[in-house]
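Numbering-wise, our numbering comes out as the position in the sequence shown, counting from 1, plus 5. Okay, so here's the structure we're looking at.
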Amino acid sequence: MQEFFSIYPKSCKLQPDTYCAPIEHPDATRLYGLKNGNLYTHTRIYAYAALTGAVSGLLIVAYRTAIVSAENFRDALIGNAPPAKVVLLWFGIVATGAIFTALFVRRSPLIKGSGIPQVKAFLMRRINFDWKRELPLKFAGGTFALGAGLSLGREGPSIQLGALAGTAIEDIFHIPDYRRFLVTAGAAAGISAAFNAPLAGVLFCIEELHRNFSPVMLTVTMIASFMANVVMWIFFGTSPIFELTILETLPLRYYFTVILGIGVLAGALGSLFNIGLLGFQKLYRHVVPREEFRVISAFLVAGAISIVFPMIAGGGNHLVSFPLLSTMSFFAIALLLAAKFVFTLFSYASGAPGGIFLPMLAIGSVLGGLVYSLLGLFGYQSPYLPNYILLGMAGFFVAVVRAPITGAVLITEMAGSFAHFPAFIFVSIIATLTANLLRTKPIYDSLLAQIPPLYPEQITHAAATLHIPFMEGSSIHLVSELKERLPGECILTGIMRGEERLFPYLSMEILPGDEALIEVDQRAARLLKEELLKLGMPTEDEQEIKGNGASFT
């Protein structure tokens, strides 16, 4: 085996008595596992994944601490009917934070909103991250937004902060070949640390960010998720984010009555949320064309909401509460649900840094309480309010995001027992089917489509390796068929099957789960990837059954 990995230029034509020099890649052993380098390569990746998880965990600890401190300051300052002088002081603080955040957003547009669509766009090679600028601005902007009372969450930004930590480690240690692994590892660490739910962090990356995985990628996300969770345990202990424990398991007779009903309601409300979010964005842009003014106006509205209706301000941790919802009337809960729903749409439409992860769970919690209260009006009393709350959270989250496995596992980890897992799976399935019947797209896919791709002149003229997965039902079964359908500027360099890299000889069969490694010009990587992904997708009839399209790395 040669020391160098050689690729002959496509334009090179060998003639008698002529020699065409190959393009040699001095890092081929590290990149492709030549000279039995797989074990060494994987060990390096896993070590960097552990570092990424630990750094991301520390970053999320600091982010959570900053936000909690800002929220505590807000509650202490304006709680219990503040006097006029305090109100003026409060609005002065809010206006200052608004101006700084508007400047941050103008300086770095990728810090807007949740951060999850940005991570997906990065993995799709549509954008590049600038961690030195975006990481501190996302951190500060998110703290200001949640401190002002906007109905946004820290979990989506935590995922982006984790991904930015991954790019920082890749940049500092000069390991661009590990970029997609470390960004994914950082994202998994972000959600793991944000919710104290390591398994949900792994599944979210598989189900939402990639929708395809290899053994190496799975191991990387597990290591990073675990390391981030360890950091969270050190600082905040092992208790779940929400203090809500289920003591009773729902009887089987509730599955096709109560759980079915919650799933249908959550699916319908989640579809309305997705439509409303995109509609609010268009309306807000029309009413307030300047982006900076949208951010500032949203801060001022949130400052007022924090005084007159503090229950809907902030992410909504306090709404995931058995004592709160058990003492409210049906109409009070309905008003709370409507107000939180609309204020969340308004807050996110402003473009302020902050996510919808936590507000979604808060809305789902109130939905579960609403169903419980409605049944009480008809005389159906039961000890299952905590179950209804968590079922509403799972159903609404899944209806909006369309990630049923992640939703069920996330709520199960919060409940602290897998005895309730079948109920969460069932409500997730019903919510997904309802949302699909209503033909609404997953919200993060819709938000991803709003991110403009990087301009060609901003991309370096380097080579890029695209990982193209093949699913069950793909129309391509042989390497020869794949090569015939590849665009002219693509070079097939290998087939990944599990952890083994295979030489792509023409008669080789391509199996479901395989990944084709294709070298392309980085200037055309984004457009080529979008085309190449279609080659591995199922046929149209089967794709309609499986649901929505996928995004991969």
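Note that CB positions come from ideal geometry on N, CA and C, so glycine has one too.
- Message: Tell me the DSSP secondary structure of H482 in three-state form.
- Response: coil
- Candidates R79, L366, W136, G281: closest to A399 by CA position: L366
- Message: Please tell me whether, using a cut-off of 7 Å, the distance from the CB of A205 to the nearest non-hydrogen atom of the ligand ZN is below it.
- Response: Ligands displayed in this structure: none; no statement on the ligand ZN is therefore possible.
- Please report the Cβ distance between L225 and A54, rounded to the nearest whole angstrom; I am assuming they are in contact, meaning their Cβ atoms lie under 8 Å. In the sequence on display, residue 225 carries Val and not Leu. At roughly 4 Å, the Cβ-Cβ gap stays under 8 Å, so V225 and A54 are in contact.
- Query: Thinking C-alpha only, which one of D526, L442, F298 is nearest T470?
  - Reply: D526
- Message: Between the alpha carbons of N234 and L64, how many angstroms are there, rounded?
- Response: 12 Å
- Distance, F508 Cα to G482 Cα: Residue identity differs from the one stated: residue 482 is His in this sequence, not Gly. Straight-line Cα distance between these residues: approximately 16 Å.
- Query: Among E536, I312, S387, A194, which residue has its Cα nearest to the Cα of V92?
  - Reply: I312
- Query: Smallest Cα separation from L350: which of L108, L94, G281, K539?
  - Reply: G281
- Query: Can you tell which of I394, A309, A357, I310 has its C-alpha closest to the C-alpha of L330?
  - Reply: I394
- Message: Tell me the residue span of the alpha helix (DSSP H) that contains L274.
- Response: 265-292
- Message: So the candidates are A199, N217, L252; which of them puts its Cα closest to the Cα of F231?
- Response: A199
- Item | Length-filtered (4 minimum) alpha helix (DSSP H) runs lying within the segment 312-339 | 327-331
- Look at S352 and L108 and say whether their C-beta atoms are less than 8 Å apart. no
- Meets three-Cβ-pair contact criterion under 8 Å: the segment 124-139 and the segment 183-202: yes
- Message: In the DSSP output, which residue or residues are listed as bridge partners for P543?
- Response: S479
- Task: With DSSP collapsed to three states, give me the class of G58.
- Result: helix
- Task: Can you tell me the Cβ-Cβ gap for I430 and A413, rounded? I've got them flagged as a contact below 8 Å.
- Result: 5 Å
- Message: Is the separation between the beta-carbon of E4 and that of G360 shorter than 8 Å?
- Response: Here the chain has residues from 6 to 558 only, and residue 4 is not among them.
- Query: Taking just the CA atoms, how far does G308 sit from I267?
  - Reply: 33 Å
- Item | Beta-carbon contacts of S163 that lie in its chain and below 6 Å, excluding the five residues immediately before and after | I65, G195, A199
- Query: From which residue to which residue does the beta strand (DSSP E) around T470 run?
  - Reply: 468-474
- Message: In whole angstroms, give me the CA-to-CA distance for R138 and P364.
- Response: 27 Å
- Provide the residue span of the alpha helix (DSSP H) that contains G499, from first to last. Careful: G499 lies outside any alpha helix (DSSP H), inside the beta strand (DSSP E) at 496-502.
- Tell whether a beta-carbon distance below 8 Å holds between V99 and A170. no
- Task: Find the nearest neighbour of M476 within the set T437, K446, L538, M513, judged by alpha-carbon distance.
- Result: L538
- Are the segment 80-91 and the segment 257-266 touching, with three or more C-beta to C-beta distances below 8 Å? no
- Do L142 and R111 have their CB atoms nearer than 8 Å? no
- Task: In the DSSP assignment, find the beta strand (DSSP E) that holds A521 and state where it starts and stops.
- Result: 520-526
- Short check: CB of M237 to CB of G421, under 8 Å? no
- Task: For P358, write down the residues that DSSP places opposite it in a beta bridge.
- Result: G118
- Message: Suppose you measure from the CA of H179 to the CA of A440; what does that come to, to the nearest Å?
- Response: 44 Å
- Query: Using the C-alpha atoms, what's the distance from R502 back to G381?
  - Reply: 55 Å
- State buried or exposed for Y510, treating a residue as buried only when at least 16 other CB atoms are found within 10 Å of its CB. exposed
- Own chain, CB closer than 6 Å to L140, minus 5 neighbours either side, in chain order: L169
- CA-to-CA distance, G118 to G384, given in whole angstroms: 43 Å
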